[in-house]
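Q:
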Amino acid sequence: GAEHLSVGEFDDKGKGPGTAIGGMSRRLGGSVRQGLRCHHCDAADSKFTTPYDWQHCVGMVVGETYEIHWPHSASGACGTPNQYQTPFYDGVFCMGLEKLGIGLSSASLGDQVQGNDGSPVLSSKVGVQGQVFTIVNDENYYYPDLIRGWIQDGNYGSDIARYTGSTTGTSRNNQVCSSYSP
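As structure tokens, this is what we get:
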């Protein structure tokens, strides 16, 4: 399911195939929670129910909702094989905070990323694009290469929500913020 909420689009009232994914695990994380679902899944429509023989995204479920993130940073290795690393922060900062002009003082990390020591404010140098999908088994919806970034064809990528302070995963929330957020 989706990590972020968009009431009426993907939320706790969304539909899925009924497959319990909470006990499954993913390659880059441990146990996964259900998450929020889109409202598209229709059990009477075969594109939402016909299983697919996954070659790479093993464990994904047709009809289920997924949120995909593409982190970007002025200190990341964008366009190189090292662009997508785990943990998340290693990929975003794989060239080091120093490349951003951060970490050059003896101030605390919090003061450095907030710019309180004269460093550039980190949130102006880092961003995450994300899209939420309902997976279907239908060649009419085939998209050949999501690893290079989100879909922008047609109306995709035109309805964009922007907010600050978000981070990927469940270790941060509205009460516990990332030390990298503004």
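Numbering of the sequence shown is given in my numbering, commencing with residue 17 and proceeding in unit increments. From the three backbone atoms N, C-alpha and C, an ideal C-beta is built for every residue, glycine too. Nothing here was measured: the structure is a model prediction, and the numbers come from that model.
Measure the Cβ-Cβ separation of Ser135 and Ser121 and say whether it is below 8 Å.
A: Within the sequence shown, the letter at position 119 stands for residue 135. Within the sequence shown, the letter at position 105 stands for residue 121. Yes; because the gap between Cβ atoms is below 8 Å, this pair is in contact.
Q: Can you tell which of Gly17, Leu138, Tyr159 and Ser174 has its C-alpha closest to the C-alpha of Gln145?
A: As a first step, residue 145 is located in the sequence shown; it is residue number 129 there, counting from the start. Nearest of Gly17, Leu138, Tyr159 and Ser174 to Gln145, Cα basis: Ser174.
Q: Does the separation of the CB atoms of Val108 and Ser139 fall below 8 Å?
A: Counted from its first residue, the sequence shown places residue 108 at position 92. Counted from its first residue, the sequence shown places residue 139 at position 123. Result no, Cβ atoms of Val108 and Ser139 do not sit closer than 8 Å.
Q: Out of Gly92, Ile118, Asp58 and Arg53, state which residue places its alpha-carbon closest to the alpha-carbon of Asn132.
A: By 1-based counting over the sequence shown, the position of residue 132 is 116. The residue with the shortest Cα to Cα distance from Asn132 is Ile118.
Q: From which residue to which residue does the beta strand (DSSP E) around Val148 run?
A: Taking the sequence shown and counting its residues from 1, the one referred to as residue 148 is at position 132. Note, Val148: beta strand (DSSP E), Val142 to Thr150.
Q: Provide the residue span of the beta strand (DSSP E) that contains Thr81, from first to last.
A: As a first step, residue 81 is located in the sequence shown; it is residue number 65 there, counting from the start. Thr81 to Ser89 is the extent of the beta strand (DSSP E) around Thr81.
Q: Is the CB-CB distance between Phe64 and Cys57 below 8 Å?
A: Here residue 64 is taken as the residue at index 48 of the sequence shown, counted from 1. Here residue 57 is taken as the residue at index 41 of the sequence shown, counted from 1. Taking 8 Å as the Cβ cut-off, Phe64 and Cys57 qualify as a contacting pair.
Q: Going straight from the alpha carbon of Val142 to that of Pro87, what length do you get?
A: Your numbering for residue 142 matches position 126 in the sequence shown. Your numbering for residue 87 matches position 71 in the sequence shown. Straight-line Cα distance between these residues: approximately 8 Å.
Q: Can you give me the C-alpha to C-alpha distance between Gly75 and Gly51, rounded to a whole angstrom?
A: Mapped onto the sequence shown, residue 75 falls at position 59. Mapped onto the sequence shown, residue 51 falls at position 35. Whole-angstrom Cα-Cα distance: 15 Å.
Q: Considering Cα atoms alone, identify which of Glu19, Ser91, Gly126 and Leu116 is closest to Cys110.
A: The sequence position of residue 110 within the sequence shown is 94, counting from 1. When each option's Cα is compared against that of Cys110, the closest is Ser91.
Q: Hey, out of Ile151, Ala60 and Asp61, whose CA is closest to Tyr82's CA?
A: Taking the sequence shown and counting its residues from 1, the one referred to as residue 82 is at position 66. It is Ile151 whose Cα lies nearest to the Cα of Tyr82.
Q: Considering Val7, what are the terminal residues of the alpha helix (DSSP H) in which it resides?
A: Since the displayed the chain opens at 17 and closes at 198, residue 7 lies outside it and no answer follows.
Q: With DSSP as the reference, identify every bridge partner of Asp27, one or two as the case may be.
A: Along the sequence shown, one-based indexing puts residue 27 at 11. According to DSSP, which records beta bridges pairwise, Asp27 is partnered with Arg53.
Q: Under 7 Å Cβ to Cβ from Leu162, same chain only, skipping five residues before and after it: list those, please.
A: Translated into positions along the sequence shown, residue 162 becomes position 146. Counting only Cβ-Cβ distances below 7 Å, and skipping sequence neighbours, we find Ile84.
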